[in-house]
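Next up, the structure:
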């Protein structure tokens, strides 16, 4: 909200600040480029879900939950958590997977029209036996089901900077495929900690999903790298760093 406000308002408001904490490098860069604060007065604190710090993937949980949802062990399952509004890009995901041998399960939070997604799927002759839309879930258990977590946002929405569900998937060693929006790229490095695709590009998303489906070793490498990456972010959150920042702005 601050970045999108009129410049006179930003300058007036920030005149009362000694420093600012931002949740992404993109926001930090925007403040610095606008010369509203100096680099030393802007502290980057990743928006990390502390509650998942001790999450670990569990093979037994995966087998149990997959069985509960009706998936065989050799099924390739794509997961997603969130709303079903247009901006989410679920239609892109469906179009991309229409001709792939995959299953999709979406944990829907109640926002957006479920019927709209179902109607779209039927309009493209999607195999409805391969699509499940369920309600609220235990996120930790739900992520254990997936062979890939796809986050197909069409555009940056509101204050979404470090999507919680991407971080959860990374912590559970589930390979991530997400649209190449600026803040998302701070979490996911293409072909290193996940795969990126052009927002709304059906063929690009299809290609990235197929890469994971066809190459298990590559998929495992991405998942392990992502796990190490998210753990390193948690390790970087230090009370000492924060105290030092606050003391340095006085």
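Numbering (my numbering), first residue to last: 1 to 250. Virtual Cβ for every residue (Gly too), placed ideally from N, Cα, C. These numbers were taken from a predicted model, which means no experiment stands behind them.
Residue 197 and residue 206 have their C-alpha atoms spaced approximately 9 Å apart.
For the 8 Å CB-CB criterion, residue 193 and residue 233 do not form a contact. Runs of the alpha helix (DSSP H) lying entirely within the stretch 103-130, each at least 4 residues long, are 114-123 in chain order. DSSP places residue 92 in the uninterrupted alpha helix (DSSP H) bounded by 90-97.
In this structure, DSSP gives residue 143 a helical state, which the three-state scheme calls helix. The three-state reading of DSSP puts residue 232 in helix, counting H, G and I together. Annotated three-state conformation of residue 179 is strand, per DSSP. At the C-beta level, residue 83 and residue 111 come within 8 Å of one another. Rounded to whole angstroms, residue 120 and residue 93 show a C-alpha spacing of 11 Å. Under the 10 Å beta carbon count, residue 12 is surrounded by fewer than 16 other beta carbons and is classified as exposed.
The three-state secondary structure of residue 184, taken from DSSP, is helix. In this model, residue 190 and residue 69 are separated by some 30 Å (Cα to Cα).
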